[in-house]
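**Student:** By numbering that gives the first Met the number 0, the letter at position 108 of the sequence shown is numbered 107, and the numbering carries on one by one without gaps. Ideal placement from N, C-alpha and C gives every residue a C-beta, glycine not left out.
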Amino acid sequence: MILQMTDICKDYPMGKTMNPVLKHISLTVEKGDYLAIMGPSGSGKTTLMNLIGCLDVPTSGTYLLGDVDIGKCSSRQLSDIRNRDIGFVFQSFHLLPKMTALDNVALPLLYAGVSKAERKERAREALETVGLGDRADFRPDQLSGGQSQRVAIARAIVNHPRLLLADEPTGALDSASGAQVMDLFERLHVDGSTIIVITHDRGVAERAQMIRYIKDGILTGGDDGE
Ligand SMILES: Nc1ncnc2c1ncn2[C@@H]1O[C@H](COP(=O)(O)OP(=O)(O)OP(=O)(O)O)[C@@H](O)[C@H]1O
Ligand SMILES: [Mg+2]
Numbered sequence: 000m001i002l003q004m005t006d007i008c009k010d011y012p013m014g015k016t017m018n019p020v021l022k023h024i025s026l027t028v029e030k031g032d033y034l035a036i037m038g039p040s041g042s043g044k045t046t047l048m049n050l051i052g053c054l055d056v057p058t059s060g061t062y063l064l065g066d067v068d069i070g071k072c073s074s075r076q077l078s079d080i081r082n083r084d085i086g087f088v089f090q091s092f093h094l095l096p097k098m099t100a101l102d103n104v105a106l107p108l109l110y111a112g113v114s115k116a117e118r119k120e121r122a123r124e125a126l127e128t129v130g131l132g133d134r135a136d137f138r139p140d141q142l143s144g145g146q147s148q149r150v151a152i153a154r155a156i157v158n159h160p161r162l163l164l165a166d167e168p169t170g171a172l173d174s175a176s177g178a179q180v181m182d183l184f185e186r187l188h189v190d191g192s193t194i195i196v197i198t199h200d201r202g203v204a205e206r207a208q209m210i211r212y213i214k215d216g217i218l219t220g221g222d223d224g225e
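1. Start and end of the alpha helix (DSSP H) containing ALA175?
2. So is THR193 buried or exposed if we call it buried at 16+ other beta carbons inside 10 Å?
3. List the endpoints of the continuous alpha helix (DSSP H) containing LYS115.
4. Using DSSP's beta-bridge definition, name the partner residues of GLN3.
5. Mark SER174 as exposed unless 16 or more other C-beta atoms lie within 10 angstroms of its C-beta, in which case mark it buried.
6. Excluding the 5 residues preceding and the 5 following PHE87 in the sequence, name in chain order all residues of the same chain whose CB lies nearer than 7 Å to its CB.
7. From VAL150, MET209, SER114, MET0, pick the residue whose C-alpha is nearest to that of GLY130; which is it?
8. Using a 10 Å radius around the Cβ and a threshold of 16 neighbouring Cβ atoms, would you call TYR110 buried or exposed?
9. Quick one, are the C-beta atoms of THR46 and SER25 less than 8 Å apart?
10. Helix or strand or just coil, what does DSSP make of PRO96?
11. Say whether the stretch 124-142 touches the stretch 96-108, bearing in mind that this needs 3 or more beta-carbon pairs closer than 8 Å, one atom from each stretch.
12. For ILE152 versus LEU183, is the C-beta distance shorter than 8 Å?
13. Does GLU225 come out as helix, strand or coil in the three-state DSSP assignment?
14. Looking at the secondary structure, which residues open and close the alpha helix (DSSP H) in which LYS15 lies?
15. Kindly indicate which residue of GLU185, ASN82, GLY202, VAL189 has the alpha-carbon position closest to the one of HIS159.
16. Measure the alpha-carbon distance for SER40 versus PRO168 and round it to whole angstroms.
17. Is the closest heavy atom of ligand 2 to the C-beta of THR128 under 7 Å?
18. Nearest to VAL56 by alpha carbon, out of GLY70, GLY43, LEU64?
19. With DSSP as the reference, identify every bridge partner of ARG211, one or two as the case may be.
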């Protein structure tokens, strides 16, 4: 088991009351799963991704990532878990503009305390995995959108994370580059990666092995309770 959420709720303050955004969500993800979570704008997708990615903590419920109870972790422990166990891919790439593709990809390894020579070697390998070995020295403004997203994916996998988490990974891309990114996820899945893609795009969701739906903060479509 990679992760297990049980009866997770997330409320945000709204004036003097609390606004329930995620309602009693239960979700289990096994090693090697490729799951899409699909839902309309405002349904709670990014809120859920932030919880899964340990960027935020739930109001109530339990979240186990591997055998770690996330609710019991300090913020320092959470940041270690994010760096070590989770690879993030965002709609808008989040690359550092002044760094080359290679240095962007190597960044998580720097935080993990890996030596310079090994950082370069592993970043180069990850860039080759996403088909961009020849773009190592390019800066983000010298790359297309699709190439930028593939660099971001290389950065997400360079640490061999337990879980690859993507929020609208094709949202900023034309359909051909989007298809390339989805081909890449499929290849990573075949090679054993565990992937969660969050999207409102049915075409993207249908590339996954299974789809769960979220609407008004309620998750449906799985075996665990719904
Ligand atoms: N920090 C916050 N404080 C208060 N309310 C929030 C906060 N973040 C999100 N919300 C509310 O939670 C609900 C879900 O937001 P969320 O960003 O998770 O939606 P989403 O499904 O990702 O939408 P989109 O497809 O537009 O990205 C929205 O009604 C939003 O207003
Ligand atoms: Mg969102």
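**Tutor:** For this structure:
1. 174-189
2. buried
3. 115-128
4. THR27, LEU63
5. exposed
6. GLY52, ALA155, LEU164
7. VAL150
8. exposed
9. no
10. coil
11. yes
12. yes
13. Low confidence applies to GLU225: its pLDDT is 46, below 50, so where it sits in the model is not reliable enough to give any reading.
14. LYS15 -> no alpha helix (DSSP H), and no H or E assigned at all.
15. ASN82
16. 15 Å
17. no
18. GLY70
19. ILE36
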